[in-house]
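Report on one structure; see the data block that follows.
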Amino acid sequence: MHIMEGYLPPQWCVFWYLVAAPFIIYGVYVLNRRVKQNRETLSLLAVSGAFIFLLSSLKIPSPVAGSCSHPTGTGLSTVLFGPITTCILSLIVLIFQALFLAHGGITTLGANVFSMGIAGPLLGYAVYRLGRAVNLNVFVNIFLVTAVADLFTYVVTAIELAAAVPLQGGFVFSFETFFAIYAVTQIPLAILEGVLIALVFKYIIQSRSDILVKLKVLTPDQIIKIMEGFS
Amino acid sequence: MNSRFLRKFRLEIIFVIVIVVFAAVFLFQNAHIQATAKPGQETWQGSDDLGSAAIESTGYHPWIAPLWTPPGNEVESLLFSIQSGLGALVIGYFFGYYRGRRECPKSP
């Protein structure tokens, strides 16, 4: 989903910076408050950030497309801390990759933060709330959130590129082209990532259910029920 | 394998099955791609690079270059590995800490 340095015309770089800016500013504020007030949740914040770091570094071959792509890893922090905090975690990873790996770029940072840190996690969070409202199994829900956040990131990247650099044939044709390159490739990886994060969530319930209660992700009753299901 | 084992580790079992299916499809597809690829054609390229190539096909040229580009594929792999390693280190550290905390509940 990385748009490389210089591949967006300057006016679009500015546009996506402006779109991402309110989320980043609010995100820094939320994160600051969290660091001051909820110190015991910080270890899970570090783990969530580390999963974004780890998963977004893995280029995995996608059998349906014959090309390689990488997961985004944003599902876990979306469920635990919400999309606004996830935005800041993604920003950190994207700056790291832009500076040291020439993967993504500083001029395209706004667009990349919007797709990976804002649009994907926001839709993922909507799925999460919906799943909770209809009492969906928590592991199925986390699978869906992670897969949707991953996949939608790549859909948004396709939209960003189609809008900025239309190929011959107009916006719709360009979108289809970029959609085929980015989003179709991503489907198997999104499934893989979803299953992984659902499994990781089981280990988090087993080891730090107290933090999950504090974050209002699960109630103590739900945790007892889930743990009984694995005994 | 009794039913209790299957119930306790059902998520792990699903995960392993998904990985095995994924790898099998990859091997099958790879055999097909290698058989039909023209000599010298690069296979399993990054989607980010394919996207960049599609943009350049319109005659668009990047208007700014990265400040620093890893010199060569091996150095790039190294840097990506360091990124994975840092992530894995933090995950392992905290899960180990949680485990120790469970076994020794009186410590802070």
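As you go down the protein sequences, you meet chains A and B in turn.
Take 0 as the starting number for the first sequence in this note's numbering and just add one per residue.
Take 1189 as the starting number for the second sequence in this note's numbering and just add one per residue.
Just so it is clear, CB atoms sit at the ideal spot from N, CA and C, and this is done for glycine as well.
Report the partner residues of serine 66/A according to the DSSP bridge assignment.
Here the question's residue 66/A lines up with position 67 in the first sequence. Its beta-bridge partners are Ser61/A, Gln1233/B.
For alanine 148/A, which of Tyr124/A, Pro60/A, Val34/A has the nearest alpha-carbon?
For the purposes of this step, residue 148/A is taken as the residue at position 149 of the first sequence. Considering only alpha carbons, the answer is Tyr124/A.
Any residues in the region 1215-1230 of chain B with a beta carbon nearer than 7 Å to a beta carbon of chain A? Which ones, in chain order?
So the close ones are Gln1217, Ile1221.
What is the rounded straight-line gap between the Cα of histidine 102/A and the Cα of histidine 1/A?
Start at 1 with the first residue of the first sequence, and residue 102/A comes out as number 103. Start at 1 with the first residue of the first sequence, and residue 1/A comes out as number 2. Approximately 7 Å, taken between the alpha carbons.
Whose Cβ in chain B lies nearer than 9 Å to the Cβ of leucine 166/A?
Along the first sequence, one-based indexing puts residue 166/A at 167. Ordered by position in chain B, the residues that pass the 9 Å Cβ test against leucine 166/A are Ala1242, Ile1243, Ser1245, Thr1246.
Skipping 5 residues on each side, what residues in its chain have a beta carbon closer than 7 Å to that of glycine 81/A?
Taking the first sequence and counting its residues from 1, the one referred to as residue 81/A is at position 82. Only Tyr124 meet the Cβ criterion.
Could you spell out where the alpha helix (DSSP H) holding glutamine 1271/B opens and where it closes?
Along the second sequence, one-based indexing puts residue 1271/B at 83. Note, glutamine 1271/B: alpha helix (DSSP H), 1261-1291.
Identify which residue in Gln10/A, Glu39/A, Ile24/A, Ile23/A has its Cα closest to the Cα of leucine 214/A.
Here residue 214/A refers to the residue found at position 215 when the first sequence is read from its first residue. Selected option, being the one with the closest Cα: Glu39/A.
What is the rounded straight-line gap between the Cα of threonine 107/A and the Cα of lysine 224/A?
Against the first sequence, residue 107/A aligns to sequence position 108. Against the first sequence, residue 224/A aligns to sequence position 225. About 46 Å.
Between the beta-carbon of phenylalanine 177/A and the beta-carbon of leucine 160/A, is there less than 7 Å?
Here residue 177/A refers to the residue found at position 178 of the first sequence. Here residue 160/A refers to the residue found at position 161 of the first sequence. Yes, Cβ-Cβ distance for phenylalanine 177/A and leucine 160/A is below 7 Å.
Please identify, using Cβ separations under 7 Å, the residues of the region 1197-1215 of chain B that lie next to chain A, in order along the chain.
Those would be Leu1199, Glu1200, Ile1202, Phe1203, Val1206, Phe1210, Val1213, Phe1214, in chain order.
Got a sec: is the Cβ-Cβ distance from leucine 1267/B to anything in chain A below 7 Å?
Taking the first residue of the second sequence as position 1, residue 1267/B is located at position 79. By this cut-off, leucine 1267/B is an interface position.
Enumerate, from N- to C-terminal direction, the unbroken alpha helix (DSSP H) stretches of 4 or more residues contained entirely within the region 154-224 of chain A.
Listed in chain order, the complete alpha helix (DSSP H) runs (minimum 4 residues) inside the region 154-224 of chain A are 169-178, 184-213.
According to DSSP, simplified to helix, strand and coil, what is glutamate 4/A?
Here residue 4/A is taken as the residue at index 5 of the first sequence, counted from 1. If DSSP states are grouped into helix, strand and coil, glutamate 4/A belongs with coil.
Taking 7 Å as the CB-CB limit, is serine 1191/B close to chain A?
The sequence position of residue 1191/B within the second sequence is 3, counting from 1. Closer than 7 Å: no.
Compare the beta carbon distance of threonine 1231/B and isoleucine 1221/B with 7 Å and say whether it is the shorter of the two.
Reading the second sequence from its first residue, position 43 is the one you call residue 1231/B. Reading the second sequence from its first residue, position 33 is the one you call residue 1221/B. Yes, they are a contact pair.
Any beta carbon of chain B sitting closer than 7 Å to that of alanine 182/A?
Here the question's residue 182/A lines up with position 183 in the first sequence. Taking Cβ atoms only, chain B never reaches closer than 7 Å to alanine 182/A, which makes this a no.
Using only the alpha-carbon positions, how far apart do glutamate 192/A and serine 55/A sit?
The residue labelled residue 192/A in the question sits at position 193 within the first sequence. The residue labelled residue 55/A in the question sits at position 56 within the first sequence. Each residue's Cα considered, the two are about 11 Å apart.
DSSP three-state call for valine 133/A: helix, strand or coil?
One-based indexing of the first sequence puts residue 133/A at position 134. In this structure, valine 133/A counts as coil in the three-state DSSP scheme.
Alpha carbon to alpha carbon, how far is alanine 19/A from tyrosine 6/A? Give it in angstroms, no decimals.
Along the first sequence, one-based indexing puts residue 6/A at 7. Along the first sequence, one-based indexing puts residue 19/A at 20. Cα to Cα, the separation comes out at about 18 Å.
Is glycine 81/A helix, strand or coil when you go by DSSP?
One-based indexing of the first sequence puts residue 81/A at position 82. Glycine 81/A: coil per DSSP, three-state reduction.
Using 7 Å as the threshold, is the C-beta distance between phenylalanine 229/A and isoleucine 141/A below it?
Along the first sequence, one-based indexing puts residue 229/A at 230. Along the first sequence, one-based indexing puts residue 141/A at 142. No, the pair does not count as a contact, with Cβ atoms beyond the cut-off.
Would you mind sorting tryptophan 1256/B into buried or exposed? The rule is 16 or more other CB atoms within 10 Å of its CB.
The sequence position of residue 1256/B within the second sequence is 68, counting from 1. Looking at its Cβ environment, which holds fewer than 16 other Cβ atoms inside 10 Å, tryptophan 1256/B is exposed.
Counting only Cβ pairs nearer than 7 Å, list the residues of chain B close to lysine 201/A.
Start at 1 with the first residue of the first sequence, and residue 201/A comes out as number 202. Within chain B, the residues near lysine 201/A are Leu1199.
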